[in-house]
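Have a look at the structure below before the remarks.
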Amino acid sequence: MKQLSTRLFVCCLAAAAIPVVGFRVVTAEPIAPVRSDQTAEAAAIPAPSIQSRFSDEDIDEVPDFQKHVMPLLGRLGCNGRACHGSFQGRGDFQLSLFGYDFSGDHEALMAENTGRVDVDDVEESLILAKPTDADMHEGGKRFEKGQWQYRVLRNWIADGARFDKESFQQLKKLQIEPSEIRFGDTAENVQLTAIAHWADGTVEDVTALCRFSSNDDSIAAIDAEGHIQSGDAGDTHVVVYYDNAVVPVPVLRPISAPTTDAAESIAQRTPNRGEPTQPIDVLVKQKLDKLGIVASDLCTDAEFIRRAALDITGVLPSGERVEAFLADDTADKRQRLVEELLQSPAYGAWWATRMSDWTGNNAEQLNNVLPVQNIGTKLWFNWLRKRLQDNMPYDEIIEGIVSAESLEDGESYLEYCREMTEICGGDFDRYAERESMPLFWARRNFQKPEDRAIGFAYTFLGVRIECAQCHKHPFDQWSKQDFDDFSTLFGVVRAGNANQVSPDSKKAREELMEKLTGGEKLNGGDLRRKIQQAARSGEVVPFGELYITARGMTDGQKKQRAAAKKKGRKLPPVRVPTGKILGVEQKVDLDEDPRPALMQWLRDESNPYFAKAIVNRVWSNYFGIGIVDPTDDMNLANPPSNAALLDHLASEFIAHDFDLKWLHREIVTSDTYQRSSATNSSNAADRKNFSHHLPRRLPAEVVYDMVVLATGSTQKADQMRGELDQMAIADGKARRRNNSDFALEVFGQSIRESNCDCDRSDAPSLLQSIYLRNDAEMYGRIAARDGWVAEACKELGIAAPRAGAGADPRAAAAQRAADSMRRQIIDRIRQFNKLPEARREQTQKRLVQQYNSVAKKLRKDYHVPSFEELVAAPNSWTELTPPVATEGSDGVIESDRSLEKVVRQAYLRTLSRYPDDEEQQVAIDYINESEDKTNGIEGLMWALVNTKEFIISH
8 MKQLSTRLFV CCLAAAAIPV VGFRVVTAEP IAPVRSDQTA EAAAIPAPSI
58 QSRFSDEDID EVPDFQKHVM PLLGRLGCNG RACHGSFQGR GDFQLSLFGY
108 DFSGDHEALM AENTGRVDVD DVEESLILAK PTDADMHEGG KRFEKGQWQY
158 RVLRNWIADG ARFDKESFQQ LKKLQIEPSE IRFGDTAENV QLTAIAHWAD
208 GTVEDVTALC RFSSNDDSIA AIDAEGHIQS GDAGDTHVVV YYDNAVVPVP
258 VLRPISAPTT DAAESIAQRT PNRGEPTQPI DVLVKQKLDK LGIVASDLCT
308 DAEFIRRAAL DITGVLPSGE RVEAFLADDT ADKRQRLVEE LLQSPAYGAW
358 WATRMSDWTG NNAEQLNNVL PVQNIGTKLW FNWLRKRLQD NMPYDEIIEG
408 IVSAESLEDG ESYLEYCREM TEICGGDFDR YAERESMPLF WARRNFQKPE
458 DRAIGFAYTF LGVRIECAQC HKHPFDQWSK QDFDDFSTLF GVVRAGNANQ
508 VSPDSKKARE ELMEKLTGGE KLNGGDLRRK IQQAARSGEV VPFGELYITA
558 RGMTDGQKKQ RAAAKKKGRK LPPVRVPTGK ILGVEQKVDL DEDPRPALMQ
608 WLRDESNPYF AKAIVNRVWS NYFGIGIVDP TDDMNLANPP SNAALLDHLA
658 SEFIAHDFDL KWLHREIVTS DTYQRSSATN SSNAADRKNF SHHLPRRLPA
708 EVVYDMVVLA TGSTQKADQM RGELDQMAIA DGKARRRNNS DFALEVFGQS
758 IRESNCDCDR SDAPSLLQSI YLRNDAEMYG RIAARDGWVA EACKELGIAA
808 PRAGAGADPR AAAAQRAADS MRRQIIDRIR QFNKLPEARR EQTQKRLVQQ
858 YNSVAKKLRK DYHVPSFEEL VAAPNSWTEL TPPVATEGSD GVIESDRSLE
908 KVVRQAYLRT LSRYPDDEEQ QVAIDYINES EDKTNGIEGL MWALVNTKEF
958 IISH
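Mapped onto our numbering, the consecutive letters of the sequence shown carry residue numbers 8 to 961.
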């Protein structure tokens with residue numbers, strides 16, 4: 008797996024939120040009593056806080072190790088990363104990080120000859136002596152002797168420092184009051200109260216034992232006691248931690264009300280829109296109203312067609328399509344455009360690329376999985392592409408991955424190998440017709456159960472669980488035991504290299520190998536090469552197979568037990584290995600394939616992750632930020648920016664049978680998506696509440712294809728849009744180990760080393776600017792002979808651009824050949840001029856024929872002097888130059904296609920809009936004032952593809 012280094016401790020797994028009863032908004036006033044409308048259980052009077060109880064020096068209460076002692080050590084920082092909770096511990100004393108391994112921590116405290124806990128001489132226990140002595144304790148003084156913290160630890164030790172490993176207590180819920188906070192000004196204060204509800208019915212104020220953090224200190228700062236102080240306007244969450252509970256508390260401070268002029272201006276621009284009715288718009292507006300934010304106006308038609316086309320299909324719309332859309336004055340043209348885009352082949356291609364990112368379609372990790380090299384990624388992509396284009400329900404697509412089988416119903420191993428051999432021979436589309444896609448399980452970095460648990464959580468749950476591989480997750484409910492139980496489920500799945508097959512298929516594979524090798528014993532590379540050669544020649548070759556190693560009883564064992572039972576013999580219980588699904592108490596027996604149970608859990612409407620994960624990822628594609636951000640980090644301490652919105656979209660997505668096109672349509676036709684990027688005084692600073700469009704750099708594949716489409720000829724661009732196969736958004740750029748495309752790498756194409764969304768980068772960089780401004784490939788595309796600049800020059804009747812150093816190698820080779828012909832004809836004319844008059848008359852006819860042949864070839868692209876001019880002055884033709892333009896007496900180009908039209912087309916094919924009057928005139932003046940008009944048009948195209956407007960979604 009990719010090492011996430013500094014992000015390791017913040018990657019967390021989203022969990023079902025611990026219920027918080029009694030929703031109450033506080034506007035910076037003291038905590039009110041429990042309301043009468045709360046449930047009887049919630050209204051139970053909690054025990055006073057441990058702080059107040061143990062402030063009494065005569066207290067004889069014995070604190071509980073799980074409920075009080077370990078939370079207190081956590082509150083004091085003893086089990087933090089900087090102290091005894093680090094991986095190597097501190098001072099030969101190690102506690103579990105954040106303290107959820109109660110048995111292990113109790114053993115560490117009670118270890119013999121350490122003196123940490125001394126039940127015979129309580130006061131000499133090091134956990135009492137050190138924290139009260141700054142000189143003795145490297146961590147400094149943590150409390151005073153006689154303080155309540157001291158008494159908690161002392162009373163526990165005095166009672167024998169007991170902990171019953173068999174009586175683990177379950178925290179039912181952690182109730183936080185107030186459950187939402189709304190500030191009105193800076194420097195206002197609120198005190199949080201945390202009430203623990205245990206499964207045994209006990210209720211206790213545990214505020215003093217909780218840890219607290221803020222997701223944005225500039226908006227709401229919180230101290231170690233749970234005191235919150237307001238700061239800047241905006242919204243965030245403070246988070247409360249206790250036992251395995253992680254509870255976020257929304258905090259907001261409305262932004263100053265927008266000026267009357269701004270509000271009136273917005274209202275005037277949308278006089279007939281009224282209150283929103285689309286659920287997305289309603290839910291977004293509810294949040295904006297709380298914050299005092301006025302949403303931006305709707306974007307223009309030009310902005311919408313460009314934005315929607317790039318977001319839905321990843322393809323820049325053609326200039327002709329933009330013109331037609333702008334000329335359309337029907338009321339439903341945006342809705343019709345959305346339907347057109349969703350039905351286009353580019354939709355399936357682009358979203359197959361995105362889903363390939365999320366599922367880990369990586370050529371390097373598929374090396375040796377198939378006997379034919381560099382095929383696996385294409386099969387993976389095509390399998391996804393067909394299903395997305397056909398709008399197969401999302402849960403069914405995922406079922407074909409999660410529950411994948413190599414052999415289809417009724418298919419023998421030999422038939423499977425024959426089918427796969429033909430597919431790998433070039434019939435890739437046939438693979439898309441197969442029911443499932445086992446390549447997901449066969450990747451080299453996806454073989455260990457732990458890696459599969461982490462990758463599965465990333466891909467299908469949108470969560471990060473790797474922290475729990477070593478310790479209790481700091482920001483979520485998951486323990487190391489939860490991780491171990493979950494990862495156990497994946498250990499029975501066998502899928503790897505091309506030599507791995509099930510026991511049932513082993514004999515058939517051996518026979519196939521015998522036939523293939525002729526009995527010759529081959530190993531390693533020799534065997535792979537033999538198989539690859541056979542596959543290329545069309546021979547049936549053996550393929551690897553996904554199979555399950557169930558750990559239950561064999562048929563023979565079952566018969567033995569049945570016979571013994573008839574004879575009345577007592578038999579020991581059969582131990583069947585088990586695992587657990589995250590958050591599910593019931594164990595899964597591993598005597599059969601656990602993946603159907605996993606799939607059933609995923610598609611269950613009560614699943615708190617599956618639907619939300621894909622909804623959040625799709626939303627992020629359209630807005631540049633998820634409702635939960637990062638999109639694969641849905642943990643309890645990282646709650647949604649608009650929980651009601653995420654809940655609504657997820658529940659409706661399920662209700663619409665996991666219809667992805669419904670989801671796309673619902674988002675893109677909302678006013679929220681169609682907002683302008685222009686801001687007003689109230690929403691300029693908003694980054695997460697969707698009050699305006701956030702300009703963002705477009706994905707790598709989209710940028711790459713945009714450059715090719717914008718600079719290519721109309722015919723070439725139309726062909727690419729129609730066929731797609733050469734486009735990066737359709738996996739048209741090969742991804743091979745150590746051979747990635749430079750431009751795609753620079754713009755942050757997903758490296759797919761893990762299933763983490765962080766494998767893709769949308770961050771801007773200096774290299775991106777250098778590529779667009781100075782890279783030879785860019786100059787070559789602009790000056791290409793089959794490019795748009797050459798097309799425009801031809802229609803204007805002026806010289807085509809000269810292929811420079813950055814040109815396509817084929818064009819550069821053609822120019823070298825042309826220059827060689829120029830030199831040859833000049834040399835012959837020089838030799839001709841040296842001949843006597845009589846000889847020149849004899850050879851002139853042949854020389855003229857040679858000249859005419861060369862001139863005919865060169866005049867298509869270059870100016871060629873006449874034969875008479877060269878005879879008179881052969882040294883005057885020093886280099887190849889473009890043809891001389893046809894100009895009138897006033898120097899203005901004489902063509903049906905004016906410069907004004909050229910400029911308009913340049914803007915339409917790059918920025919998807921018309922130039923305004925000033926832009927039009929500046930461009931025309933620049934072209935006319937350039938060294939020649941060809942260079943001027945080249946400069947215009949270069950300038951447009953280097954604008955922020957071109958590279959950014961707006």
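Glycine is no exception: its CB is placed at the ideal position from the N, C-alpha and C atoms. This structure is a prediction, so every number in the text was calculated from the model and none was measured.
Residues sharing a beta bridge with residue i, DSSP
i: Phe219; result: Val247
i: Lys180; result: His204
i: Asp596; result: Thr585
i: Ala228; result: Gln236
i: Arg703; result: Ser960
i: Gln198; result: His234
i: Val258; result: Ile188, Thr243
i: Leu656; result: Looking at the DSSP assignment, Leu656 forms no beta bridge with any residue, so it has no partner.
i: Arg682; result: Leu305
i: Arg501; result: Tyr554
i: Ala252; result: Tyr249
i: Gly81; result: DSSP, once it has assigned bridges, lists no residue as partnering Gly81.
i: Ala54; result: Glu211
Span of the alpha helix (DSSP H), counted from its first residue to its last, around residue i
i: Ser363; result: 352-366
i: Ala331; result: 326-334
i: Tyr157; result: 155-165
i: Cys424; result: 420-431
i: Asn623; result: 617-630
i: Trp884; result: Trp884 -> no alpha helix (DSSP H), and no H or E assigned at all.
i: Phe388; result: 383-396
i: Arg536; result: 531-543
i: Gln851; result: 844-865
i: Gln775; result: 773-781
i: Cys800; result: 795-803
Whole-angstrom C-beta distance between residue j and residue i, which should lie under 8 angstroms
i: Gly469; j: Arg361; result: The Cβ separation is near 14 angstroms, so there is no contact.
i: Asp223; j: Thr243; result: 4 angstroms
i: Asp302; j: Arg682; result: It should be noted that the sequence gives Ala, not Asp, for residue 302. So it is a contact: roughly 6 angstroms between Cβ atoms.
i: Phe467; j: Ile404; result: About 11 angstroms; that fails the 8 angstroms criterion.
i: Pro637; j: Arg704; result: With 8 angstroms as the limit, Pro637 and Arg704 do not qualify as a contact, their Cβ atoms being about 17 angstroms apart.
Best match in the options for proximity to residue i [C-alpha to C-alpha]
i: Gln507; options: Asp766, Gln476, Ser413; result: Ser413
i: Gly729; options: Asp636, Pro808, Val322, Glu938; result: Val322
i: Ile832; options: Asp511, Ser860, Pro549, Trp358; result: Ser860
i: Trp205; options: Phe175, Ile226, Ala820, Ile789; result: Phe175
i: His961; options: Glu151, Gly631, Asp296, Arg602; result: Gly631
i: Met77; options: Pro53, Pro55, Ser103; result: Ser103
i: Glu440; options: Glu415, Trp448, Asn762; result: Glu415
i: Asp868; options: Ala806, Thr917, Leu842, Val855; result: Ala806
i: Tyr107; options: Gly531, Pro481, Gly299; result: Pro481
i: Leu216; options: Thr686, Ala201, Asp533; result: Ala201
i: Ala913; options: Met117, Ala770, Glu327; result: Glu327
i: Pro445; options: Asn781, Cys474, Gln236, Val500; result: Val500
i: Pro881; options: Asp769, Cys474, Gln838, Glu848; result: Gln838
Start and end residues, beta strand (DSSP E) containing residue i
i: Gln236; result: 234-237
i: Val210; result: 210-212
Review point. Is the stretch 697-705 close to the stretch 715-735, with three or more CB pairs under 8 angstroms?
Key: Verdict: no, contact absent.
Review point. Are there three or more Cβ pairs, one per stretch, closer than 8 angstroms when the stretch 388-407 is compared with the stretch 356-374?
Key: Output reads yes: the stretch 356-374 touches the stretch 388-407.
Check your understanding: Does the pairing of the stretch 913-924 with the stretch 318-338 give three or more beta-carbon distances under 8 angstroms?
Key -> Result yes; three or more Cβ-Cβ pairs closer than 8 angstroms.
Review point. Do the stretch 750-767 and the stretch 361-379 meet, that is, are 3 or more Cβ pairs less than 8 angstroms apart?
Key: As far as the Cβ criterion goes, the stretch 750-767 touches the stretch 361-379, which means the pair count is three or higher.
Check your understanding: Below 8 angstroms, can you find three or more Cβ-Cβ pairs linking the stretch 512-524 to the stretch 538-548?
Key -> Contact between the stretch 512-524 and the stretch 538-548 is present, because at least three Cβ pairs lie under 8 angstroms.
Check your understanding: For the 8 angstroms Cβ check, are there 3 or more pairs between the stretch 416-423 and the stretch 454-463?
Key -> No, the stretch 416-423 does not touch the stretch 454-463.
Review point. Can we say the stretch 246-261 touches the stretch 282-289, given the rule of at least three CB pairs closer than 8 angstroms?
Key: No, the stretch 246-261 does not touch the stretch 282-289.
Review point. With contact counted as at least three CB pairs below 8 angstroms, one residue from each stretch, are the stretch 588-604 and the stretch 508-518 in contact?
Key: The stretch 588-604 vs the stretch 508-518: no contact.
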